[in-house]
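In this text, residue positions in the sequence shown follow our numbering: the first is 272, and each later residue adds one.
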Amino acid sequence: MVTGASEGIGRVFARRLAEQGYALTLVARNEDRLRALVADLPGVGHAILVADLSKKEGTSAAVNALSGESIFTLLVNNAGFGQLGDFTEIPLTRYEEMMAVNLRALVALAHVFLSRAKKGDGLIQISSTLSFFPMPRQAVYAATKAFVTSFTESLWFQYRKVGVTVLNVCPGSTKTLFADRAGGMRVPVPEFVTETPEQVVDAALRAFERRKGPTLVCGWKNRFAVFTARFVSRKVIVEVMGKMRQ
């Protein structure tokens, strides 16, 4: 199962996994995009699940699919979104939807999947490089991703003992519609630090196949930034990140 499969990183995951021979269940809100994607994928046995994971009924539908008769050996918890703006500029309902997708649905799906997982199965969860950095104007999004990273690393430790591979993936700036959907960047991210979804997914699948973990930070520039941040005070980090988005 791949959530958020209709575009961006999720769409590339779907294509790469289909090429590897997986029969996929693809989850997203946009039925037309899902059907078009399935029609273009190699292999057979693919299915779609039209579900809005910001709604309880959407999450329940995905949970029911995972707990049904079909056998799932891999879950890619990719669905998520952000929102740019000063904290109180954004309606509370938008934050609630974000937390529902980025946190509630992710935890619920991981819980039902791991309750049935066997040796050789795997869980890939998409976090963000921002999970290591407080980010003014993306405060709630960065906080949700900090949760995802901490949560997934804990799962990695617990489930490696029984042979289930858990990987936390932290992309940086990626060429998707994420920024536009979040409201657009005041200061565009430089091209030289931006990766394609294909680069992110290929790196993630290599790390997954090699059972590396718990966390993959995508791109050497992002890895350097995360490493360097260990030697800088939190106050300095917040000030630097805030000025980047003024």
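Even for Gly, the Cβ is constructed at its ideal location relative to N, Cα and C.
Suppose you measure from the CA of R286 to the CA of G353; what does that come to, to the nearest Å? 24 Å
Counting only the same chain and skipping the five closest in sequence on each side, list residues whose C-beta sits under 6 Å from that of S338. V383
Roughly how many angstroms lie between the CA atoms of T436 and E480, to the nearest whole one? 9 Å
For T445 and L346, the rounded distance between their alpha carbons: 21 Å
With a threshold of 16 other CB atoms inside 10 Å of the CB of A392, please say whether the residue is buried or exposed. For the sequence presented, residue 392 should be read as Asp rather than Ala. Label assigned to D392: buried.
Start-to-end residues for the alpha helix (DSSP H) that takes in N373: Per DSSP, N373 lies in no alpha helix (DSSP H) and is assigned neither H nor E.
Residues that DSSP places opposite V347 in a beta bridge: Answer by DSSP bridge pairing, in chain order: V273, I395.
Which whole runs of the beta strand (DSSP E) in the segment 456-514 are 3 residues long or more, in chain order? 486-488
Express the C-alpha separation of V411 and M272 in angstroms, rounding to a whole number. Their Cα atoms are separated by approximately 26 Å.
State the Cα-Cα distance for the pair R477 and L385, rounded to the nearest angstrom. The straight-line gap from Cα to Cα measures roughly 22 Å.
Exposure label - Q396; buried when at least 16 CB within 10 Å: Around the C-beta of Q396, 16 or more other C-beta atoms lie within 10 Å, and the residue is accordingly described as buried.
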